[in-house]
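Numbering-wise (this note's numbering), the sequence shown opens with residue 48 and increments by one. Structure record follows, encoded as structure tokens.
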Amino acid sequence: MSFADLKRKSQSNFEFLQKELEKSSTSNGADDRLWKPELDASGNGYAVIRFLPAPEGESVPWAKVYNHAFKGTGGWLIENCPTTNGDKCPVCAENTKLWNSGIESDKNVARDRKRKLSYYSNIYVVNDPKNPDNNGKVFLFKYGKKIHDKILAAMQPEFQDETPVNVFDFWEGANFKIKIRTIGGYWNYDASEFSSPAALSNDDDELEAIWKQQYSLEAFTNASEFKTYEELETRLNSVLGAAPAARQAQQEEDEEPTPVANTARDVDLPSFTNTEDDDDALSYFARLAEED
Ligand SMILES: [Zn+2]
């Protein structure tokens with residue numbers, strides 16, 4: 048960031064910090080900036096949202112973050128993965144070792160500990176039937192590869208008869224209809240789709256007011272959100288205990304599940320029930336092996 052940018056963004060930076068402070072002072076640790084769809088009694092979910100442009104001073108309308116969330120004998124490890132920013136990660140390095148052992152039980156441990164991909168975007172809630180109070184408000188939305196692929200498909204259609212749509216655009220973009228089915232205990236977003244392109248509002252003052260409420264996305268990949276390699280390695284060793292990896296796998300299988308621990312990020316865990324990015328486990332480890 049240039050000095051001119053720093054000066055220009057001084058107010059928005061301050062407002063962002065104030066929001067962060069508010070967030071960290073909430074008692075239950077839940078992040079009320081985040082919007083989540085809710086299911087009805089039949090296990091389906093429906094809502095209409097609008098993806099919003101990059102916030103002021105930023106250029107990309109999403110943040111892409113990898114994290115690890117798994118339990119060892121020493122408790123839960125829930126940490127952002129440094130590969131998010133192209134840095135080396137001790138958890139991923141350990142996974143590569145396990146995967147390359149060729150032993151099926153080690154590969155299962157690697158699968159359990161693999162990095163998971165999340166995206167964050169600012170959204171405007173058009174219609175949230177389960178929580179109408181959310182309608183007309185700006186939130187952050189955390190989503191996986193499946194929805195990100197739907198965004199890319201709208202922006203870069205595969206066939207010539209389809210017109211590319213910048214779904215993040217206030218004027219030329221499109222609402223997104225989230226349709227969730229529960230399949231095998233997991234949330235499935237396959238039926239979700241974009242509506243025909245239309246302006247979110249014909250009133251630019253209203254759009255500007257929405258834009259000004261957006262949250263920083265670059266904050267998600269800021270260095271302050273990541274432990275150093277050494278810190279993460281220490282944390283990993285503490286979670287895994289002194290047991291070597293192979294024995295660890297046996298212990299994990301024998302153990303009863305324990306309740307989720309108490310950090311703010313842990314609150315998200317029970318809803319971590321999408322399978323969106325599970326398919327790429329093999330390709331991910333194959334690629335890691337190639338990189339070595
Ligand atoms: Zn990692």
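Note that the Cβ used here is the ideal one computed from N, Cα and C, for glycine as well.
Look at which beta carbons fall closer than 6 Å to any heavy atom of ligand 1; those residues are His115, Cys128, Thr130, Cys136, Val138, Cys139 and Arg162.
Using a Cβ distance threshold of 7 Å, Ala200 and Phe241 do not count as a contacting pair.
Taking the CA atoms as reference points, Gly90 sits about 9 Å from Gly232.
A distance of 7 Å or more separates the beta carbons of Phe215 and Pro102.
Taken atom to atom, the span from the alpha-carbon of Val112 to that of Arg162 is near 10 Å. If you look at Asn174, you'll find it in the beta strand (DSSP E) that goes Lys163 to Asn174.
Put simply, the backbone Cα of Asn178 is about 12 Å away from that of Gly92.
Annotation for Ile225: no alpha helix (DSSP H) segment contains it, though the beta strand (DSSP E) segment containing it runs Phe223 to Ile230. The three-state secondary structure of Val212, taken from DSSP, is coil.
The Cβ-Cβ distance between Leu145 and Val286 does not fall below 7 Å.
Between Phe267 and Tyr166, the gap from beta carbon to beta carbon reaches 7 Å or more. When the five nearest sequence neighbours on each side are left out, the beta carbons in the same chain lying within less than 8 Å of the beta carbon of Asn174 are those of Ala94, Val95 and Asn182, in order along the chain. Straight through space, the alpha carbons of Ser148 and Ser59 are spaced by roughly 49 Å. Membership of Ile198 in the alpha helix (DSSP H) is indicated by the continuous run Lys192 to Met202. The Cβ-Cβ distance between Thr131 and Cys139 does not fall below 7 Å.
Between Tyr262 and Asn169, the CB-CB gap stays under 7 Å. If you ignore the 5 residues before and after Cys136, its C-beta comes within less than 6 Å of the C-beta of Cys128, Pro129 and Thr130, all in its own chain and listed in chain order.
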